[in-house]
Structure formats: C-alpha cells, structure tokens
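Chemist: Protein chains in written order, with our numbering: chain A, 63 to 243; chain B, 63 to 243.
Built from N, CA and C at the ideal position, the CB exists for glycine as well.
There are 2 protein chains.
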Amino acid sequence: MNVRTLCLSILHEGDATGYEIRRLCVDGECSYFIEASFGSIYPALARLESEGLVSSRTEQQDGKPTKKVYSITPAGRDAFVQELSEPLGEETFRSPFLLFARFAHLLPRDLVEARANEFLRERSERNKIVTAAKATSMNACDAWVINYGRAMMGVAEEYLRAHMHELIALARAEPNKDAAE
Amino acid sequence: MNVRTLCLSILHEGDATGYEIRRLCVDGECSYFIEASFGSIYPALARLESEGLVSSRTEQQDGKPTKKVYSITPAGRDAFVQELSEPLGEETFRSPFLLFARFAHLLPRDLVEARANEFLRERSERNKIVTAAKATSMNACDAWVINYGRAMMGVAEEYLRAHMHELIALARAEPNKDAAE
DNA sequence: ACTTGCATGTAAGTGGTTACATGATTGG
DNA sequence: CCAATCATGTAACCACTTACATGCAAGT
Numbered sequence: 063m064n065v066r067t068l069c070l071s072i073l074h075e076g077d078a079t080g081y082e083i084r085r086l087c088v089d090g091e092c093s094y095f096i097e098a099s100f101g102s103i104y105p106a107l108a109r110l111e112s113e114g115l116v117s118s119r120t121e122q123q124d125g126k127p128t129k130k131v132y133s134i135t136p137a138g139r140d141a142f143v144q145e146l147s148e149p150l151g152e153e154t155f156r157s158p159f160l161l162f163a164r165f166a167h168l169l170p171r172d173l174v175e176a177r178a179n180e181f182l183r184e185r186s187e188r189n190k191i192v193t194a195a196k197a198t199s200m201n202a203c204d205a206w207v208i209n210y211g212r213a214m215m216g217v218a219e220e221y222l223r224a225h226m227h228e229l230i231a232l233a234r235a236e237p238n239k240d241a242a243e
Numbered sequence: 063m064n065v066r067t068l069c070l071s072i073l074h075e076g077d078a079t080g081y082e083i084r085r086l087c088v089d090g091e092c093s094y095f096i097e098a099s100f101g102s103i104y105p106a107l108a109r110l111e112s113e114g115l116v117s118s119r120t121e122q123q124d125g126k127p128t129k130k131v132y133s134i135t136p137a138g139r140d141a142f143v144q145e146l147s148e149p150l151g152e153e154t155f156r157s158p159f160l161l162f163a164r165f166a167h168l169l170p171r172d173l174v175e176a177r178a179n180e181f182l183r184e185r186s187e188r189n190k191i192v193t194a195a196k197a198t199s200m201n202a203c204d205a206w207v208i209n210y211g212r213a214m215m216g217v218a219e220e221y222l223r224a225h226m227h228e229l230i231a232l233a234r235a236e237p238n239k240d241a242a243e
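1) Assign Glu-121 (chain A) to one of three DSSP states: helix, strand, or coil.
2) Since Thr-154 (chain B) is in the beta strand (DSSP E), which residue starts that stretch and which ends it?
3) Please tell me whether Arg-228 (chain B) has its Cβ less than 8 Å away from any Cβ of chain A.
4) Pull up the distance between the alpha-carbon of Tyr-221 (chain A) and that of Lys-190 (chain B), whole angstroms please.
5) Residues of chain A with a CB under 8 Å from the CB of His-177 (chain B): which are they?
6) Please list, in chain order, the chain B residues whose beta carbon lies closer than 7 Å to that of Ser-157 (chain A).
7) Quick check: what's the CA-CA separation for Met-226 (chain A) versus Thr-120 (chain B)?
8) Consider the Cβ of Ala-137 (chain A): report whether some Cβ of chain B lies at a distance smaller than 8 Å.
9) What residues are listed by DSSP as bridge partners for Ser-290 (chain B)?
10) Would you say Glu-243 (chain B) lies against chain A (beta-carbon separation less than 8 Å)?
11) According to DSSP, what are the bridge partners of Lys-126 (chain B)?
12) Within the continuous alpha helix (DSSP H) that includes Asn-64 (chain B), where are the two ends?
13) Output, in chain order, the set of chain B residues within a Cβ distance shorter than 7 Å of Ala-166 (chain A).
14) Can you grab the Cα-Cα spacing for the pair Leu-73 (chain B) / Glu-180 (chain A), in whole Å?
15) Going by DSSP, which residues form a beta bridge with Pro-170 (chain A)?
16) For Ala-78 (chain A), list the residues DSSP reports as bridge partners.
17) Run down chain B in chain order and give the residues with a C-beta less than 7 Å from the C-beta of Val-217 (chain A).
18) Within the chosen definition, does the stretch 93-102 of chain A reach the stretch 118-137 of chain A through at least 3 CB pairs nearer than 8 Å?
19) Thinking C-alpha only, which one of A:Leu-168, A:Val-116, A:Ser-186 and A:Glu-184 is nearest Ala-235 (chain A)?
20) Is the beta carbon of Ser-118 (chain B) sitting closer than 8 Å to the one on Leu-161 (chain A)?
21) Does Asp-172 (chain A) pass the burial test, meaning 16 or more other C-beta atoms within 10 Å, or should it be called exposed?
22) Return the first residue and the last residue of the alpha helix (DSSP H) that Pro-149 (chain A) is part of.
23) Nearest-angstrom Cα distance between Glu-243 (chain B) and Ala-166 (chain B)?
24) Note down, in chain order, each residue of its chain lying with its Cβ closer than 6 Å to the Cβ of Leu-232 (chain A), except the 5 sequence neighbours on either side.
25) Between B:Cys-69, B:Asn-64, B:Ser-93 and B:Thr-79, which has its C-alpha nearest Val-207 (chain B)'s C-alpha?
26) Of all the residues that make up the stretch 63-92 of chain B, which are near chain A by a beta-carbon distance shorter than 8 Å?
27) Here's a check: name, in chain order, each residue in its chain whose Cβ is nearer than 8 Å to the Cβ of Thr-128 (chain B), leaving out the five neighbours to either side.
28) For a test of the three-state rule: what should DSSP assign to Ala-242 (chain A), helix, strand or coil?
29) At which residues does the alpha helix (DSSP H) containing Ala-108 (chain B) begin and terminate?
30) Go ahead and pull the three-state DSSP assignment for Ala-71 (chain B).
31) Please identify the residue among B:Pro-149, B:Leu-150, B:Pro-170 and B:Glu-91 whose C-alpha is closest to the C-alpha of Asn-209 (chain B).
32) Just the chain A side, please: which residues come within less than 8 Å of Leu-169 (chain B) by C-beta, in chain order?
Pasting the structure below:
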C-alpha cells in the first residue's frame with residue numbers, strides 16, 4: 063500500500079491538492095494508519111497524471127499561492143478498485159516508545175517520565191482526532207474504520223493513564239536526588 | 063529506531079544469532095511492534111561487530127549448519143543506553159486493511175469477507191503470542207510492554223469479531239448470485 | 001523582525017526489502 | 001520427492017525521507 067494508492071484513495075473521495083493530501087495524512091481522521099510526506103506525494107501525483115489516472119487544473123487564489131487541484135479520472139477509479147482487489151500489503155506497526163519502555167529499568171526516571179508523557183500526549187491527540195470525527199458526512203465504511211480507530215486509540219490512552227506511573231516507578235532513581243537534600 | 067538498535071536490544075537480553083534475532087522479530091512476544099528481515103539484520107550485525115559493539119563466536123552443531131553467535135560488549139551496552147536516551151523516532155502504524163475497509167462498498171462481498179477473515183486470523187495469531195507470554199522469565203518492564211500489547215491486541219480482535227460482519231454487509235452484493243438460482 | 005501557513009517541486013541520501021546463492025537435515 | 005527448518009550472507013533495487021529552493025501574506 064504505497065503513496066500512489068493512498069493519493070488515489072483520497073482523490074476517490076473528492077478533489078484535492080498535494081498540500082491538502084498531506085494535511086489529511088497528518089491531521090485527518092485516518093491519520094492514525096496512513097503516512098506520507100511532500101517528497102513522496104508530489105512525485106506520486108505527477109506520475110499518476112502521466113498515467114492518466116488523475117487530471118489537474120490550476121486555481122489562482124488571492125493572497126495565497128496558486129494551487130494545483132487534482133481529480134481522479136474514470137480510469138483512476140478502475141485502477142484503484144483493481145489495486146484494492148490485489149493482495150494487501152502487511153500491517154506495519156513499529157513503536158520506538160515500546161522498545162524504549164522495555165529498557166526503562168536502565169534509564170533515568172526523569173527521561174522515562176518525559177518520554178511517557180510525550181507518548182501520552184501524542185496518543186491522546188490522535189484519540190481526540192478520531193473521537194471528534196462526526197458521523198455526518200461520512201459513509202458507513204468510513205464510520206466502521208473510525209470506530210475501529212476509536213476502540214484502539216481508546217484503550218491505548220486508557221492503558222497509559224492507568225499504568226504509566228508503574229513504568230516510571232521501574233526506572234532508575236536519580237543518583238543525586240537525596241544528595242541535594 | 064533502526065535495525066541496528068533492534069539487534070542491540072535483543073543482544074542486551076542475551077546472546078543470539080542473526081537467524082534467532084529474525085525469529086524473535088517474527089514470532090517473539092514483541093513481534094507486534096518490531097520488524098526486520100535477514101537482509102537488514104546480517105549487515106547490521108556485521109557493522110556492529112566492526113564498531114566493537116558486539117562480538118561473535120562460531121558454534122558447530124551436528125546435523126545443522128554452523129552458527130555465529132553474537133554477544134553484546136560493554137561498549138555495546140553503553141551505546142545502546144545512549145541510543146535510548148536520544149529523541150525517539152515516530153510511531154509508525156500503517157494498515158493496508160483499514161484503507162481497504164474504507165472502500166468495502168466498492169468491492170465484491172466475497173473479497174471483503176476473505177480479507178476480513180484473513181485480517182482476523184492474523185490479529186488473533188498475534189494476540190495468541192502476546193497472551194501466551196508467561197510472566198516468569200520476564201522483567202517488570204517487559205511485562206508492562208506485553209500487557210500494553212495484550213490490551214491492544216485484545217480490543218482489535220474483539221472489535222473484529224463483533225463488527226466484521228457489518229463491514230461485510232456493506233460490501234457489494236455479487237451480481238450473479240440470484241441469477242444462478 | 002520572525003515565525004507560521006500556504007503552496008509546489010527537486011535532488012540526494014538512506015534504510016530497508018526481495019531475490020539470489022548455498023547446503024545439509026528432517027518430516028510428510 | 002518435495003517442502004520446510006536451520007543457517008549465513010550479498011547485490012540490486014526501491015520507496016520514501018530530508019533537506020533544499022522559492023516566495024508571498026498574515027499574525028505575534
């Protein structure tokens with residue numbers, strides 16, 4: 063599941079610019095399971111256009127740079143459905159935080175606490191995005207996916223809030239804490 | 063959080079061969095949030111050895127190929143703790159299945175059903191691994207991470223079992239189903 | 001004055017995957 | 001007899017990231 067297919071999926075739901083596609087990947091309701099940067103989106107869009115799967119028009123705006131709005135073509139829709147029919151790529155979940163957490167006992171408490179708080183903040187932000195998504199202006203499939211996200215993000219935040227202090231307690235006590243006393 | 067650090071983390075817990083490291087990434091308790099293939103593990107190990115962060119010895123076995131067992135060095139332990147102290151990389155979660163699910167309404171019911179079952183099977187397999195992990199021979203930090211995994215894998219499987227039929231129902235009915243009747 | 005948001009794009013670099021090469025043993 | 005498991009490694013390839021290049025407007 064590459065950036066190319068990702069772009070097609072977003073354009074299938076409606077017209078967008080490269081910039082907007084990227085924003086959806088960062089702030090959108092589905093941002094918890096998709097990812098793409100400018101450096102991959104723009105070339106993907108250009109390639110898609112050269113293949114006739116999307117078309118573009120430039121739109122002037124006052125006070126803002128000219129933008130290039132992409133639309134999916136009928137051929138693009140076909141290609142997208144075709145792509146979805148092929149074997150799915152593997153689910154990818156990589157967590158630097160969990161790897162870090164496994165070795166909390168080696169690390170200073172301050173650091174573990176900072177990282178745990180950081181992680182909680184990120185998780186609850188994602189949770190907020192997915193929880194805030196309203197059922198209006200959303201088809202049933204999207205709602206299904208959002209609800210899956212809500213369930214997952216929900217327990218993640220819950221588990222963290224309930225148990226992060228345990229992890230912090232397992233970290234190494236600062237050596238010069240009582241020395242200062 | 064690259065393969066290099068991953069190898070260091072595994073060797074920190076005990077000696078291992080490249081082959082064993084890969085098995086841990088596929089079947090281990092932490093396989094749900096780490097990933098690495100042979101093509102990245104072997105070069106990483108070689109580089110680590112050239113840097114003096116790990117050492118190796120070859121061990122003959124009868125009926126099996128000779129293996130190369132790696133051990134972490136004191137310098138390796140230091141480097142690992144150092145690495146963990148630096149800013150963590152981003153959490154990565156990419157789900158081809160969820161992208162697929164968003165467009166279930168475009169796809170034939172058979173396909174959606176097959177993919178959903180496949181996904182459930184994979185999820186419950188991962189769930190089994192993390193649930194089966196016993197608290198004995200595990201430090202408290204590892205247990206914390208495993209419990210996080212249990213919570214997450216648990217709801218994933220639960221949600222799927224409870225709601226996958228809804229997703230399947232949203233898929234397109236086969237065109238020649240009643241035609242055959 | 002500086003940063004942020006809007007907006008598009010390229011080029012270099014990298015961190016990985018996939019496929020290949022090799023080979024013995026065990027189990028179905 | 002074929003597939004899988006054990007075991008190590010290389011080489012080609014690729015998708016994506018990061019940094020760069022550009023520039024205007026609005027807010028702090």
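Modeler: On the basis of the coordinates in this document:
1) Assignment of Glu-121 (chain A) by DSSP, reduced to helix, strand and coil, places it in the strand class.
2) From DSSP, the beta strand (DSSP E) with Thr-154 (chain B) extends over 154-156.
3) Per the sequence shown, the amino acid found at residue 228 (chain B) is Glu instead of Arg. Yes - at least one Cβ of chain A is within 8 Å of the one on Glu-228 (chain B).
4) Between Tyr-221 (chain A) and Lys-190 (chain B), the alpha-carbon positions lie close to 19 Å from each other.
5) Residue 177 (chain B) is actually Arg in this sequence, not His. Neighbours of Arg-177 (chain B) on chain A, chain order: Leu-150.
6) Phe-95 and Glu-153, listed in chain order.
7) Going from the Cα of Met-226 (chain A) to the Cα of Thr-120 (chain B) covers about 42 Å.
8) By this cut-off, Ala-137 (chain A) is not an interface position.
9) No answer is possible for residue 290 (chain B): it lies beyond the span of chain B, which begins at 63 and ends at 243.
10) Only weak support is given to the placement of Glu-243 (chain B): the predicted model assigns it a pLDDT of 46, under 50, and the question is left unresolved by the model.
11) DSSP lists B:Gln-123 as the beta-bridge partner residues of Lys-126 (chain B).
12) Careful: Asn-64 (chain B) lies outside any alpha helix (DSSP H) and carries neither H nor E.
13) Simply Cys-203.
14) Per the coordinates, the alpha-carbon of Leu-73 (chain B) lies some 27 Å from the alpha-carbon of Glu-180 (chain A).
15) Its beta-bridge partners are A:Arg-234.
16) Ala-78 (chain A) is bridged by DSSP to A:Tyr-132.
17) Neighbours of Val-217 (chain A) across chain B, judged by C-beta separation under 7 Å: Ala-213, Met-214 and Val-217.
18) No, they do not touch.
19) Ala-235 (chain A) has its Cα closest to that of A:Leu-168, out of A:Leu-168, A:Val-116, A:Ser-186 and A:Glu-184.
20) With respect to the 8 Å criterion, Ser-118 (chain B) and Leu-161 (chain A) are not classified as neighbours on the basis of their beta carbons.
21) So Asp-172 (chain A) ends up on the exposed side.
22) Where Pro-149 (chain A) is concerned, there is no enclosing alpha helix (DSSP H), given that its DSSP letter is neither H nor E.
23) Caution is warranted here: a pLDDT of 46 is assigned to Glu-243 (chain B), below 50, making its placement in the model unreliable, and the coordinate value is therefore given only provisionally. If I take the Cα positions, the gap works out to 25 Å.
24) Excluding sequence neighbours, Leu-232 (chain A) sits near Ala-166 and His-167.
25) The residue with the shortest Cα to Cα distance from Val-207 (chain B) is B:Ser-93.
26) Taking 8 Å as the Cβ-Cβ cut-off against chain A, the residues of the stretch 63-92 of chain B that qualify are Met-63, Thr-67, Leu-68, Ser-71, His-74 and Cys-92.
27) If we look at Thr-128 (chain B) and ignore the five residues flanking it on each side, its Cβ neighbours are Thr-120, Glu-121 and Gln-122.
28) Unreliable placement is indicated for Ala-242 (chain A), whose pLDDT of 48 sits below 50; the coordinate value is still reported in the next sentence. Coil.
29) Going by DSSP, Ala-108 (chain B) is part of the alpha helix (DSSP H) stretching over 100-112.
30) According to the sequence displayed, residue 71 (chain B) carries Ser and not Ala. Judged by DSSP in its simplified three-state form, Ser-71 (chain B) adopts helix.
31) Among B:Pro-149, B:Leu-150, B:Pro-170 and B:Glu-91, the Cα nearest to that of Asn-209 (chain B) belongs to B:Glu-91.
32) Neighbours of Leu-169 (chain B) across chain A, judged by C-beta separation under 8 Å: Val-143, Leu-146 and Ser-147.
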